[in-house]
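Shown next, in C-alpha cells, is the structure this report addresses.
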Amino acid sequence: MSGEGSFEVLRRDPRAEWIARNRLHPLHGTINVGEEAEVRGPSGLIRKNPHKVGFIGPNGIKRIDRLKGNATAAGLGRRSSGPQEVQLPLHAVENPDFYIVVVPDLVGGRLTSQDKDVLGQAHKLVKGIDGEGAVVAVCFGESKEEGYDTAGVDRLIHLGGEEYEGFAPEQRLAALMQVEAQLQPKHWLFPDSVHGGADLGSRLAARLSERPAVQAWQVDHASTVSRGASGSKDIQRATPRILLLAEECADPIDETRHEAQAIELAAIPLTITRLKDQGQVAVDPNAIPLAEAEFILSAGNGIHNWEQFHEAAEVLGATEGASRVAVDDGFMPRFRQVGATGTWVTARVYIAVGISGAIQHMQGIGQCDKVIAINSDAGCDMVKRAALSAIGDSEEVLAELIKLMQAHKAEQAEGGDQNAA
Amino acid sequence: MPLNVVSLVSVGRHPQSGRQRRAEQDGRAVELGMNLKVVQNSQLTVLHAGASSEPVLRTYAGMGLPELKVLELAEQDDAVPALGDYLQSANADIVLTGVRAESGESSGMVPYLLAEQLGWPLVPRIADIVSIDDGVAEILLALPRGQRRAVSVPLPFVASVDNAAAEARQTAYGPGMRARIEGNKAVTEVDEVRAGWQESDAKPRPKRLKVVKAKTAADRFKAATAKPQGKAGKVMKSESAKEQAEEIFKLLLEEKVIK
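Protein chains in written order, with this note's numbering: chain A, 1 to 421; chain B, 422 to 680.
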C-alpha cells in the first residue's frame, strides 16, 4: 500500500448504503449488493453482516459452513469418491544457470525414500546459490517410477540401455563422465547407500580427483557436516563438489511439481568393461535373516497343511515367516516370528497365508511394499492392508501356486536348454 | 608363480567403548587373504600405513601372521600416496581392503583412489573369492538383503571386503607379540585439506517428525485421529482358486521376486 493511500479520506455515500440495506427500495436492484461488496463502518473497518452468512439448505433451513469449503458435498446429493488429487504448483526452470546432478539408486526401478531426500537436498542447495539452477536426475536401467515430477526432478537423463542393466559400474561411470563434460554440474549428489550409490559416487570422485563428503547429513551451500570415524565424529568443512548423503539428510519435495524434462546426452562411448557381471546367484532363502529378506511367505493360524506350506516356500524361493499363533503352537521356530514381539521385516513382497492381522503383526510388516493376503475371512485387517487378497481356502490356492511355479520353472529350463543348444 | 595378495589393515574402533581394536572388515580382508593362501598357494602380505609402534597391529599378527609390513606415516599424513607408491613396486595381484575405515575420515575412498592410481579394476563389497583360473578371478559380491552376485575380473584388481565375508579368526596373544613388524620408509604427504576441517564428537541426529501440513482444523483433526487408510487393494472373492493363484503369480512376476 502506498503512503498517500493511508491519508486518503474515506468517502461514504449514506444514501446508497441505505438503498443497499433496504430491499424494498425501488432502486435496490440498481445498486450492487454482491457478496464481495464490502461494507465499511464509520471508522473505516470492514463490517460483516452476520445475517448474510451461510446459505439455505435443501430443507429450507439456514446452514452455516464453518469448514471453509472442506465439508463433503453431501448436501448437494453427490458423494465424493475418495480424496481429490491436488495439482501442486509447477516449479519451472527455463534457462538454468547451473545444474545440480542427483544419481538416484532406483531400487527395483523406483525412487527410494533416500533418493527423494537427496532430491530435496539438491533443491535446498539450489536455493542457497545465486541464479536459477536445475536439478538433474541421472537414472540407470529400467525405471518404473512415475513420480519424478513430484519428487523434484527438473531435468531427467534416463539411460535404459542393456549395457547399464545389473552390475555395470564402469559403463555407468563413463555415462557420468559424459554428463560432467556436457553440463558441468555445480554439485554431484549421491545417496550413500549399499544399493550402488556409494560405489558410483566414490568412483566418480576418484576419477575427477575430487574429495567427496561421505555420510553427509547437514548440508547447505557453504558448509557440510558429515559423519566420520564410523559415525563417532562430526566433520565440518566447506561443501565439496561431490556429496554422498546419509539417510534423512533433508526433507523430500512435497509442495511443488517439477518439469522432469528429458535431456539428450551426446553419444556415450562403450567402455571396455573389466568387471563382467555373471548374474545373481541363487541363495538359500532360509539362510537370509528374516529382517533383511526380500520375499517372505508367512503362515498363521489358518494353515493346516504345514508340509504343503514348506513346499510352497521352497518352490517359490521365499523366506519363511510366521505369526505368533503359529509359533506358540509349535509349528514354526521362534526366530521366524514376524511382528512387534518377533522380527520387524522389510520385505518388498509379503504373502500372508491364513493371518488375519493382529495389530502387533501389522506393525511388524509396516515397511513391506506389497502385501498379498490369502485368507478365508474377507473382513480381516490383513485384507484391508493387502494390495491383493484372495478369499478362500488357503490350501487350494497354495496348491495352485505350487503348480504354476513348477510349470514356470519347467518352461524356463526348456528355454535355457534351447539357448544352450 | 604364486599370486601376491596384499591385505591392507587399519586401526579399528569399538563401536560401544570407543577403544582401539582390530577393524572388523580389515580382519575379514586378512582372513580372506589367509584362506586364499591355502587354496591358491598365494603369498599374503599384510600392510599397514601408519605407526609401526601401534599395539593394535599385534592383534592382526595374532591371527597367525609371521610378519607385518608397515609404511611409517605420521598422524596427519595421507595414506594413499604411500600405499600407491608401495603397491606399484610390490608386484601385487590382489589388494584387499575393508569397505570403510573405523577411524579417521572413514570415507571408504582408499580402495577407489588406489584402483584409479594403479589403473586396476575395483570390485566393491565382496563376500568371497570363489576361484582364480588363468588370471581371471570369480568373485561373489555381497548385495543388500543377503543376495549375492557373481562377477569375474582379470588380475590384478583391488577389492573391498564386505561384512558378509567370512568372519576373522580369533587372534592369539603370544604369536601376535612374537610376530615381526617391519617398518619401512614411505612417501609422506601431509593431508592439508583435512587440516582445515573442524572435528567434533558426533551429535545425535534429530528424528524426523511427521509434519501435518493441514490448512484447517478439520484436516488436522483427521490427521491426528484417522487411521492411515491405504488404498484398498484388489479383493478376489468369487474367483476360483486357480484364478486367484494366477493373479498372485502375475504380481510376483511383476515385482521380480521370482525369476
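Note that the Cβ used here is the ideal one computed from N, Cα and C, for glycine as well.
Given 8 Å as the limit, is there contact between the region 551 to 568 of chain B and the region 140 to 158 of chain A, that is, 3 or more CB pairs closer than that? no
Close-in-space but distant-in-sequence residues of the same chain around residue 580 (chain B) (CB under 6 Å, 5 per side omitted): 517, 544, 547
Give a yes or no on contact between the region 321 to 329 of chain A and the region 280 to 299 of chain A, applying the rule of three or more CB pairs nearer than 8 Å. yes
Any C-beta of chain A within less than 9 Å: which residues of the region 584 to 611 of chain B qualify? none
Is the beta carbon of residue 339 (chain A) closer than 7 Å to that of residue 364 (chain A)? yes
Beta carbon of residue 165 (chain A), beta carbon of residue 141 (chain A): below 7 Å? yes
7 Å Cβ cut-off: residues of chain B touching residue 202 (chain A): 529, 530, 533
Beta bridge counterpart(s) of residue 258 (chain A) as assigned by DSSP: A:91
Taking only the alpha-carbon atoms, compute the straight-line gap between residue 672 (chain B) and residue 389 (chain A) and give it to the nearest angstrom. 11 Å
Straight-line gap, residue 539 (chain B) to residue 199 (chain A) (C-alpha atoms, nearest Å): 18 Å
For residue 148 (chain A), I'd like the list of residues in its chain whose CB is within less than 7 Å of its CB, leaving aside the five on either flank, ordered along the chain. 137, 156, 260
Using a Cβ-Cβ cut-off of less than 9 Å, give me the residues of the region 372 to 388 of chain A that come near chain B, in sequence order. 372, 373, 374, 378, 383, 384, 385, 386, 387, 388
Roughly how many angstroms separate the alpha carbons of residue 311 (chain A) and residue 573 (chain B), rounded to a whole number? 34 Å
Can you name the residues of chain B whose CB is closer than 8 Å to the CB of residue 116 (chain A)? Near residue 116 (chain A) there are no residues of chain B at all, since even the closest Cβ is about 12 Å away, more than 8 Å.
Proximal residues, the region 165 to 195 of chain A versus chain B, C-beta separation under 7 Å: 167, 194, 195
Contact between the region 470 to 488 of chain B and the region 393 to 413 of chain A is defined here as three or more beta-carbon pairs at a separation below 8 Å; is this criterion met? no
7 Å Cβ cutoff met for residue 145 (chain A) and residue 110 (chain A): yes
Could you check where the alpha helix (DSSP H) with residue 456 (chain B) kicks off and where it finishes? 445 to 461
Alpha carbon of residue 526 (chain B) to alpha carbon of residue 473 (chain B), nearest angstrom: 20 Å
If you drop the 5 nearest sequence neighbours on each side, which residues of the same chain put their C-beta closer than 6 Å to that of residue 431 (chain B)? 444, 447, 522
Which of the residues in the region 614 to 628 of chain B, read from start to end, lie with their CB under 8 Å from any CB of chain A? 614, 617, 618, 619, 620, 621, 622, 623, 624, 626
Give the straight-line distance between the Cα atoms of residue 427 (chain B) and residue 477 (chain B), rounded to the nearest whole angstrom. 18 Å
Strictly by DSSP, which residues pair up with residue 350 (chain A)? A:296, A:371
Please tell me whether residue 105 (chain A) has its Cβ less than 7 Å away from any Cβ of chain B. no
Could you run through the region 266 to 282 of chain A and flag, in chain order, every residue whose CB is less than 7 Å away from some CB of chain C? Reference to chain C is not applicable here, since the protein chains of this structure are A and B.
Identify, in the order they occur along the chain, each residue of the same chain with its Cβ nearer than 8 Å to the Cβ of residue 386 (chain A), setting aside the five sequence neighbours on each side. 352, 371, 372, 373
Distance between residue 54 (chain A) and residue 64 (chain A) (C-alpha atoms, nearest Å): 4 Å
Assign residue 528 (chain B) to buried or exposed, taking buried as 16 or more other Cβ atoms, counted over all protein chains shown, within 10 Å of its Cβ. buried
Closest residue to residue 95 (chain A) among A:131, A:103, A:376 (Cα-Cα distance): A:131
Quick check: the region 597 to 609 of chain B against the region 564 to 573 of chain B, are there 3 or more CB pairs under 8 Å? no
Can you have a look at residue 262 (chain A) and say buried or exposed, based on whether 16 or more other CB atoms are within 10 angstroms of its CB? exposed
Residues of its chain near residue 596 (chain B), where Cβ-Cβ distance is below 6 Å and the 5 sequence neighbours each way are ignored: 483
At which residues does the alpha helix (DSSP H) containing residue 126 (chain A) begin and terminate? 113 to 128
Is residue 450 (chain B) close to chain A? Criterion is C-beta to C-beta, closer than 7 Å. no
For chain A, check one thing: does any of its Cβ atoms lie closer than 7 Å to the Cβ of residue 523 (chain B)? yes
Using a Cβ-Cβ cut-off of less than 9 Å, list which residues of the region 629 to 648 of chain B approach chain A; keep chain order. 629, 632, 634, 636, 637, 638, 639, 640
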